[in-house]
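To start, the structure under review is shown below, and the notes come after it.
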Amino acid sequence: MTSLALKTHLNSPLAARLIPYLALFAGMVTLACGTSFAKTLFPVIGAEGTSAYRVGISAILLVAVFRPWRFRLTRADVGAIALYGVVLGAMNLSFYMALRTIPLGLAIAIEFMGPLTLALIHSRKPIHFACIGLAVVGLGLLLPLKAGAGALDPVGMALAAFAGLCWALYIVFGKRLSHLHAGQSVALGMSVAALVVVPFGVAHAGAALLNPAIILAGVAVAIFSSALPYSLEMVALRSIPKRTFGVVLSAEPAVGALAGLVILHEHLTGQQWLAIAAIVAASIGAIATTRETRVPVEPSAP
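Going left to right, the sequence shown walks through residues 1 to 302 as the UniProt record's numbering numbers them.
Below, the structure is given as structure tokens:
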């Protein structure tokens, strides 16, 4: 195909409609694969060290790109950015620590309960209560009520749930920064998150973080689990309605489970797949039936 023909195809109405959705799907796949690769570093530098790489290098990249010092901040803005950054750092660290003992897809599903609860907190319609029921059923199917190969680690589940709480707070505090330049707030927030997470990584991994081969792997983690998915989602958000964006993004736990299966060989039981399906269905139902003015499930946390 010639370059002119390719350009014609890309500029066609069909391509214009498909490209944002392809970008969103690529962002979900990249995030899942990047996080799966990050988990392979746990035996070397631990979840804390891997999280420090992800957040620390992402902060450096974002600051270099957006140069947040160009924009003025009020004292109130500084306080809001501090809260935003702290919950962002806590979310990243607790989620990676949850991955030490529970599969990726299930960790994402549990974490999704945070923004899903936020979306349903002012539920009034009967369909919303049905969504709450589905989410409760999904979470109930994951609870370690009996011993066995399919039982999840309670500490891992608690850490994933805490990550979900931080995700909900990340959305709330992020809304308070909506008057600022988006690049500035994300870059400064990630920098604060790095101040929270990096000391844990240094304390746990120490000099291992300075290994050139590990640093290169850390850069890959930051790019493929943060920078690239975030960029692809920004491309998608320009053309996809927020509600539709949230509905499609609700498939993220299933995408994560498939990535964990292929890359990490994390085999889930039928009951666990059913739990993921229930939580995904609850998320889709909540977003599809909630007014645009309410808070939907946001894009993947950076």
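Yeah, the Cβ is synthetic: ideal placement off N, Cα and C, and Gly gets one too.
Quick caveat, the model's predicted, so the values are computed rather than measured.
What span of residues does the alpha helix (DSSP H) with residue i cover, start to end?
i           : result
His-128     : 126-142
Trp-273     : 270-288
residue 330 : There is simply no residue 330 to check, as the chain begins at 1 and stops at 302 in what is shown.
Glu-111     : 104-111
Ala-227     : Per DSSP, Ala-227 belongs to no alpha helix (DSSP H) and is neither H nor E.
residue 320 : Nothing in the structure corresponds to residue 320, since the chain is present only between 1 and 302.
Ile-121     : Where Ile-121 is concerned, there is no enclosing alpha helix (DSSP H), given that its DSSP letter is neither H nor E.
Ser-178     : That residue, Ser-178, is in no alpha helix (DSSP H); it is neither H nor E in DSSP.
For a quick check, are the C-beta atoms of residue i and residue j less than 7 angstroms apart?
i           : j       : result
Leu-232     : Ala-26  : yes
Ile-108     : Gly-256 : yes
Glu-111     : Gly-34  : no
Ala-236     : Leu-24  : yes
Ala-38      : Val-221 : yes
residue 303 : Ala-187 : An answer regarding residue 303 cannot be provided, because it is not within the stretch 1 to 302 covered by the chain.
Val-192     : Gly-85  : yes
Leu-104     : Ala-275 : no
Ala-281     : Leu-152 : no
Leu-249     : Thr-30  : no
Could you check which residue in the options has the C-alpha nearest to that of residue i?
i       : options                             : result
Phe-66  : Ile-121, Ala-222 and Gly-189        : Gly-189
Val-55  : Ile-223, Ile-240 and Phe-42         : Ile-223
Ser-36  : Gly-218, Ala-187 and Leu-274        : Gly-218
Pro-43  : Val-248, Ile-81, Leu-18 and Thr-101 : Thr-101
Arg-176 : Thr-40, Thr-74 and Ile-57           : Thr-74
With 16 other CB atoms within 10 Å as the buried threshold, where does residue i fall?
i       : result
Ala-213 : exposed
Lys-125 : exposed
Thr-269 : exposed
Ile-215 : exposed
Pro-68  : buried
Phe-95  : buried
Thr-293 : Low confidence applies to Thr-293: its pLDDT is 46, below 50, so where it sits in the model is not reliable enough to give any reading.
Relative to the ligand GTP, is the shortest distance from any of its heavy atoms to the C-beta of residue i smaller than 6 angstroms?
i       : result
Asn-211 : Ligands displayed in this structure: none; no statement on the ligand GTP is therefore possible.
Exercise. Could you tell me whether the region 42-57 touches the region 241-257, using the rule of 3 or more Cβ pairs below 8 angstroms?
Key: Look at the beta carbons and you see the region 42-57 not touching the region 241-257: under three pairs across the two are nearer than 8 angstroms.
Quiz item: For the 8 angstroms Cβ check, are there 3 or more pairs between the region 86-94 and the region 150-170?
Solution: Between the region 86-94 and the region 150-170, the count of Cβ pairs shorter than 8 angstroms is three or higher; the stretches touch.
Quiz item: Can you find at least 3 beta carbon pairs, one from the region 72-89 and one from the region 196-211, that sit closer than 8 angstroms?
Solution: Here the region 72-89 makes contact with the region 196-211; the two share three or more CB pairs at distances below 8 angstroms.
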